[in-house]
Amino acid sequence: LCSLCRYTLLHPPAACIYSASEARRPPLTHPVSLLDLTSVFSQAMATGSNSQEIRPSPELPKQLPFDFLKKITNDFSAERKIGGGPFGNVYKGVVPDDGRLLAVKKLQENAPMPPDKTFNNEVQNIMALKHENVVELVGFCWETQKKLVQFDGRYIQADITESVLCYEYLPNGSLQQNLFVTKTAEAVPSAEPAIDWSTRFKIIKGICQGLLFLHKLDIPIIHMDLKPENILLDENMVPKIADFGLSRVFGQEQTRLYTQTVVGSYGYMAPEYLYRGEISTQSDIYSLGLLILEISIGEQNCKDKNQPSARNFIDKVREEWTLEHIASKYASLDTEGLHQVKICIELGLKCAEIDRRVRPPIEEIVDTLNGLRANEMANEVPHASSVSKKMGFLGGFKKK
42 LCSLCRYTLL HPPAACIYSA SEARRPPLTH PVSLLDLTSV FSQAMATGSN
92 SQEIRPSPEL PKQLPFDFLK KITNDFSAER KIGGGPFGNV YKGVVPDDGR
142 LLAVKKLQEN APMPPDKTFN NEVQNIMALK HENVVELVGF CWETQKKLVQ
192 FDGRYIQADI TESVLCYEYL PNGSLQQNLF VTKTAEAVPS AEPAIDWSTR
242 FKIIKGICQG LLFLHKLDIP IIHMDLKPEN ILLDENMVPK IADFGLSRVF
292 GQEQTRLYTQ TVVGSYGYMA PEYLYRGEIS TQSDIYSLGL LILEISIGEQ
342 NCKDKNQPSA RNFIDKVREE WTLEHIASKY ASLDTEGLHQ VKICIELGLK
392 CAEIDRRVRP PIEEIVDTLN GLRANEMANE VPHASSVSKK MGFLGGFKKK
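Read the sequence shown against my numbering and you will find it ends at 441, with the numbers running on by one and no gaps.
Spelled out as structure tokens, the structure:
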């Protein structure tokens, strides 16, 4: 047995339910329990896709005691904190005995979405899935403890529910931490990106493979929050899609749904979702397009966090990133490399179209990146040739 299994057997977690006395938010309609999660796993096994690549993981995430998670993170100390956001903070956990590293995400009570909703989304949507480009959930905790809290100037005993998620630890951090830097000490216009193009191209392809996996499940998963912070990199710079707190699951015959609660990241939300609450697989394709553009050009979309739309960024890419500009940014690339950058920029712009109906499906994107249809792209995809002309790609790939 691994140390996680041994600890779980010796220290069984408390029941994963809300206390009846907890009045801070209503109880879950379907409280999460290990039995519920096992049922989800069984359904995934029964409805698995015919594709050999798209399959549930044979090993379920472990239900872990909160005391164990406190121990491996030094009581969630500031020294162990490796990231954070509006939904919670992430800590580096070191498992006793074998020294295994975990990324431990402690959900916050005052998050934009209630912790119970975020927890259910993350655990139930990805617990039984395994793919090279999707972060692996290895453990979870939903445990109610009695604590002293201050209320109206005095301390009272209250039931506090701790919700924690444990993932594989990825040493290279997020794409956000790696992407927007240059080889020189200062980010000057002529500086070549710190991550070389071959690595960037590998990252783009990996993200697209992960999204293909999610969208082509028998019960598709829509991520709803693709952005550089939610793409993690392993020791070999292999990308993994992470943070499924906003994800949605579609029924087998369902293609769209609507919500009155729009939650996400400005600059990455598809227009139809931002303004009408409409959700579809094409919502992810829009966000993917912006990711592809950011990775390709090394510039950040939507630096103004109060600006909801990415249109200024998209227009700037369309106008400025000519072949000459690409050649100046990637001076060491050969003809094939320049062609890859060109295709990726065109593809990113196509994915970020305002009209969701003209965005390419994820299968077409993957085929293009694999080189299966790269030469046919300009002729087969509507408006692609006009995009090329606007970007200044009017001839071959010879540098001027």
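No residue lacks a Cβ here, since even glycine has one placed at the ideal position from N, Cα and C.
In the structure shown, residue 202 adopts extended strand secondary structure according to DSSP, grouped into three states.
DSSP, read as helix, strand or coil, puts residue 181 in strand. According to the DSSP assignment, residue 174 belongs to no beta strand (DSSP E), since it is labelled neither H nor E. Considering only 200, 252, 174, the residue with the shortest C-alpha distance to residue 402 is 252. If you look at residue 332, you'll find it in the alpha helix (DSSP H) that goes 322 to 338. In the structure shown, the three-state DSSP call for residue 279 is coil. Burial of residue 284 is indicated by the presence of at least 16 other C-beta atoms within 10 angstroms of its C-beta.
Membership of residue 410 in the alpha helix (DSSP H) is indicated by the continuous run 403 to 410. Relative to residue 131, the option among 197, 272, 207 whose CA is nearest is 207. When the alpha-carbon of residue 393 is set against those of 289, 267, 165, the nearest one is in 267.
Pairing residue 282 with residue 174 gives a Cβ-Cβ distance under 8 Å. In the DSSP assignment, residue 358 falls within the unbroken alpha helix (DSSP H) covering 352 to 361. Below 8 Å, too few C-beta pairs join the stretch 252 to 266 and the stretch 177 to 194 to call them touching: fewer than three. Secondary structure at residue 388: helix, using DSSP grouped into helix, strand and coil.
DSSP, read as helix, strand or coil, puts residue 258 in coil. Taking C-alpha positions only, residue 326 is separated from residue 104 by approximately 33 Å. By the neighbour-count criterion, in which 16 or more other beta carbons inside 10 Å mark a residue as buried, residue 377 falls on the exposed side.
DSSP places residue 314 in no beta strand (DSSP E) but in the uninterrupted alpha helix (DSSP H) bounded by 312 to 317.
Within the same chain, 393 come within 6 Å of residue 355 by CB-CB distance, once the 5 residues on both sides are set aside. The beta-carbon separation of residue 128 and residue 148, rounded to 6 Å, stays under the 8 Å limit for a contact. Looking at 381, 323, 165, the one whose alpha-carbon comes closest to that of residue 404 is 323.
By the neighbour-count criterion, in which 16 or more other beta carbons inside 10 Å mark a residue as buried, residue 373 falls on the exposed side.
Between residue 249 and residue 358, the CB-CB gap reaches or exceeds 8 Å. The criterion of a C-beta distance shorter than 8 Å is satisfied by residue 203 and residue 184. Boundaries of the alpha helix (DSSP H) harbouring residue 368: 364 to 370, taken from the DSSP string. Distance from the CA atom of residue 273 to the CA atom of residue 343, rounded to whole angstroms, is 20 Å.
Residue nearest to residue 145 within the set 138, 363, 124, 137 is 124 (criterion: CA-CA distance).
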